[in-house]
Structures are given as structure tokens and as C-alpha cells.
Amino acid sequence: MEIKGFTYGYDGRDGVYRSDEGMLSQKRLFENGVNWICLSFTVEQDSVFSRDIRFRFGQDVNDRDLMAVIDNAHKNNVKVCLKPILNLGDGIWRARITFPDSDQWGKDQYWDDWFASYESFICYYAKLAEETGCEMFCVGCEMVGTERKEMHWRKLIEDVRKVYKGKISYNTNHGHEYEVKWFDAVDLIGTSAYFPVGIDGKTSVDDMAEKWKSIRDEMKKVHETFGKPVIFMEIGCRSAHGCSSMPWDFEHTELLHDEDEQAAFYESCLKTFFDEEWFAGCFWWDWSSTIYDTEEEAAKDNGFNIHLKKAEQVIRKWYTEN
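Listed below in C-alpha cells is the structure:
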């Protein structure tokens with residue numbers, strides 16, 4: 066597995082990456098043997114119906130923040146995938162963004178307007194990725210409602226390639242891999258691999274590995290269809306009981322702390338995919354921009370973080386011994 070990665074910084078805000086706490090969090094992450102990070106940050110449009118993407122000065126992660134993390138990663142021999150993510154100010158999932166395909170005159174005006182704004186947003190950060198030597202750039206994350214607009218996406222990727230020379234990925238949602246007809250235009254087929262493998266209380270490593278095997282076979286078919294390596298652009302599971310049956314979950318805060326289930330999710334996936342030649346690797350979700358630093362705090366954290374939890378030992382084993 067080439068990419069022994071982790072996602073960093075999705076919760077970041079203006080100035081946090083460059084703070085002492087941010088730099089310490091990055092140091093703790095690098096100690097686990099990662100050779101890649103996916104630097105994920107957000108910009109918003111006001112609502113699911115908006116056609117303009119805006120930068121919130123003084124709130125959003127700025128260029129100096131991004132450059133600080135990229136420079137720190139490279140100094141530690143860690144490669145970087147830059148991943149700008151579009152969120153919605155009304156709290157709706159970005160996958161719901163969609164517009165009518167054409168009006169009565171056959172014009173695609175809503176889509177044309179939205180893609181013009183989205184392309185401006187993406188190409189701005191593609192230029193930054195090129196200038197800072199990022200080894201990969203992700204052009205979109207879980208934009209499911211937009212994926213049918215094939216020609217718009219192909220044009221966007223062509224324009225990104227004019228300003229960025231590294232590897233390009235796109236991150237669809239699990240189960241939608243075949244819906245992205247333009248996956249041949251990118252270098253890596255990305256998916257959010259929140260597959261429910263801990264079903265009916267069967268949460269041992271062996272139980273989950275059995276579920277991963279059929280997913281592995283399906284992902285291999287995706288690779289064969291498009292002729293590109295597959296990467297899990299997002300994958301993870303909270304340290305909460307039952308979350309391997311719904312790895313995407315972040316809302317059920319009442320669930321009991323369960324490091325064993327989280328660790329088994331990690332172990333079973335890596336055990337299944339690590340040696341597959343067509344599989345590029347994982348960007349585990351996620352490592353916070355600032356992070357707790359005691360075992361007592363870790364025992365109270367039921368989120369996706371693995372620092373000072375059993376899953377961190379799993380990652381360190383696979384990332385440093387293989």
C-alpha cells in the first residue's frame with residue numbers, strides 16, 4: 066500500500082494550523098508513521114440552492130495556514146494531498162446540491178453559474194497546490210448530486226491540469242463509484258469508504274474482515290472498469306459502541322466509549338487491503354487540527370480521533386512495520 070495516510074485539519078479555522086497546539090497535533094500525527102496527509106479544509110456556499118461560493122475572512126483556513134502545514138509535512142518527509150471541501154451554510158450535506166438540467170430554452174444556466182463559481186474555487190487551490198509542491202489534489206468531495214454533469218466535470222479537470230501538474234483525485238461516496246462516468250479523467254478513484262462492516266453485533270476483526278472481502282472484490286472491479294488505482298479518500302469509525310455498523314455517524318453522542326470496536330474496524334480493513342497492488346491506500350478520517358494529549362482525555366473522546374486509543378497502535382503497527 067503506497068499511501069499510508071491520514072486526514073488532517075477538517076475542523077481547522079483561521080490561524081489554528083499555525084498555532085503551537087496545531088503544530089503539536091501535526092507532530093503527534095507524524096509519529097504514527099504516516100507518509101501522506103490529506104489536508105482537508107472547508108469553504109461554504111450559503112445554502113443548497115446557492116450558486117456562489119464565498120470565503121469567510123477571519124474564519125476560514127487561509128493560505129498561510131495551508132502553507133504552514135504543507136511545509137511542516139514536507140520537512141517531515143510526508144507527502145500532501147490538498148483537499149478543499151465545499152460545505153453548505155444551511156447545514157445540508159453537499160451531496161444534495163443539484164439544479165434543473167435545462168430550462169425551456171435548453172440552457173443549463175443554473176449549472177453553468179454554479180460550476181463557474183466552483184471551478185474558480187477549485188482552480189484557486191489547485192494553483193496553491195502546485196506552488197507549494199503538493200503531490201496530490203482532490204477536485205471534489207461527495208458531490209453526488211453534481212456527478213451526472215459529466216461535461217462540466219471533464220472541463221473542470223482539464224482546467225485544473227492547466228495549473229496543477231501532480232496527481233488528481235475525486236472523492237465520491239461509497240456505493241456511487243460506477244455513477245462517476247468521468248472517473249477515467251482523474252488519476253485515482255477516490256471514495257468515502259464508510260462501509261457498515263460491523264453488522265448484527267459481529268464486531269471482531271475476523272467478522273469485519275469477512276465483510277471487507279466482498280467490498281475488496283467490488284473495488285477491484287471498479288479499478289478494472291476505469292483502469293485507475295482506488296484510494297479510500299475517507300474512511301474511519303468513531304470510538305463508540307455500534308459505530309462499525311454506521312461508520313459515517315457523528316451524531317449519536319450518547320453511544321458508549323468503545324476503543325475495541327474502532328480498533329477492529331481499522332485492523333480488519335488494513336488486513337484485507339494492504340497488499341492489493343491496485344489499491345493505492347487510505348486517508349483515515351480524521352485527525353483534529355488541535356488534539357488532546359492525555360489518556361484521560363482520550364478515554365472521554367468518542368469521536369473519530371485515534372490518538373492515545375487502541376486504533377492508534379493498529380495504525381502505528383501497519384504504517385511502521387510494513
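Numbered per the numbering used here, the sequence shown spans residues 66 to 387. Yeah, the Cβ is synthetic: ideal placement off N, Cα and C, and Gly gets one too.
Start-to-end residues for the alpha helix (DSSP H) that takes in residue i
{"i": "residue 279", "result": "270-291"}
{"i": "residue 299", "result": "Careful: residue 299 lies outside any alpha helix (DSSP H), inside the beta strand (DSSP E) at 295-300."}
{"i": "residue 105", "result": "Residue 105 -> not in any alpha helix (DSSP H); beta strand (DSSP E) instead, spanning 101-110."}
{"i": "residue 88", "result": "85-95"}
{"i": "residue 190", "result": "174-196"}
CB contact flag (residue i, residue j, <9 Å)
{"i": "residue 74", "j": "residue 353", "result": "yes"}
{"i": "residue 349", "j": "residue 106", "result": "no"}
{"i": "residue 385", "j": "residue 98", "result": "yes"}
{"i": "residue 82", "j": "residue 133", "result": "yes"}
{"i": "residue 281", "j": "residue 330", "result": "no"}
{"i": "residue 126", "j": "residue 95", "result": "no"}
{"i": "residue 131", "j": "residue 183", "result": "no"}
{"i": "residue 35", "j": "residue 292", "result": "This structure does not reach residue 35, given that the chain is present from 66 up to 387, and the question cannot be answered."}
{"i": "residue 147", "j": "residue 197", "result": "yes"}
{"i": "residue 358", "j": "residue 369", "result": "no"}
{"i": "residue 202", "j": "residue 229", "result": "yes"}
{"i": "residue 207", "j": "residue 237", "result": "yes"}
{"i": "residue 277", "j": "residue 336", "result": "yes"}
{"i": "residue 149", "j": "residue 187", "result": "yes"}
CB-CB length for residue i against residue j, believed under 8 Å
{"i": "residue 273", "j": "residue 263", "result": "6 Å"}
{"i": "residue 328", "j": "residue 363", "result": "Contact doesn't hold; Cβ gap of about 13 Å is too wide."}
{"i": "residue 154", "j": "residue 124", "result": "Residue 154 to residue 124, Cβ: 11 Å. No contact."}
{"i": "residue 387", "j": "residue 339", "result": "7 Å"}
Residue from the options with nearest C-alpha to residue i
{"i": "residue 139", "options": "378, 153 and 104", "result": "104"}
{"i": "residue 193", "options": "178, 210 and 227", "result": "227"}
{"i": "residue 371", "options": "337, 334 and 324", "result": "324"}
{"i": "residue 366", "options": "336, 387, 306 and 383", "result": "306"}
{"i": "residue 122", "options": "243, 80 and 102", "result": "80"}
{"i": "residue 89", "options": "360, 380, 355 and 379", "result": "355"}
{"i": "residue 308", "options": "276, 261 and 269", "result": "261"}
{"i": "residue 288", "options": "108, 85, 342 and 320", "result": "342"}
{"i": "residue 302", "options": "294, 332 and 285", "result": "332"}
{"i": "residue 240", "options": "259, 249 and 225", "result": "259"}
{"i": "residue 213", "options": "235, 152 and 245", "result": "245"}
{"i": "residue 180", "options": "114, 231, 279 and 283", "result": "114"}
heavy atom of the ligand PLP below 8 Å from residue i C-beta
{"i": "residue 294", "result": "Of the ligands one can find in the structure shown there are none, so the ligand PLP has no counterpart to examine."}
Range covered by the beta strand (DSSP E) that runs through residue i
{"i": "residue 73", "result": "68-73"}
{"i": "residue 351", "result": "344-352"}
{"i": "residue 321", "result": "Premise fails: residue 321 is in no beta strand (DSSP E) and is neither H nor E."}
{"i": "residue 201", "result": "201-206"}
{"i": "residue 379", "result": "Note, residue 379: premise wrong, no beta strand (DSSP E); alpha helix (DSSP H) at 375-386."}
{"i": "residue 220", "result": "No beta strand (DSSP E) holds residue 220; the alpha helix (DSSP H) holding it covers 215-228."}
{"i": "residue 150", "result": "144-153"}
{"i": "residue 264", "result": "Run containing residue 264: none; DSSP gives neither H nor E here."}
{"i": "residue 238", "result": "232-238"}
Original post:
Touching or not, the segment 118-132 and the segment 159-166, by the rule of three or more beta carbon pairs under 8 Å?
Top reply: Not touching, per the Cβ criterion.
**OP:** Inspect the CB distances between the segment 286-306 and the segment 250-261 and report whether three or more fall short of 8 Å.
**Re:** Remark: three or more beta-carbon pairs, one from each stretch, lie closer than 8 Å, so the segment 286-306 and the segment 250-261 are flagged as touching.
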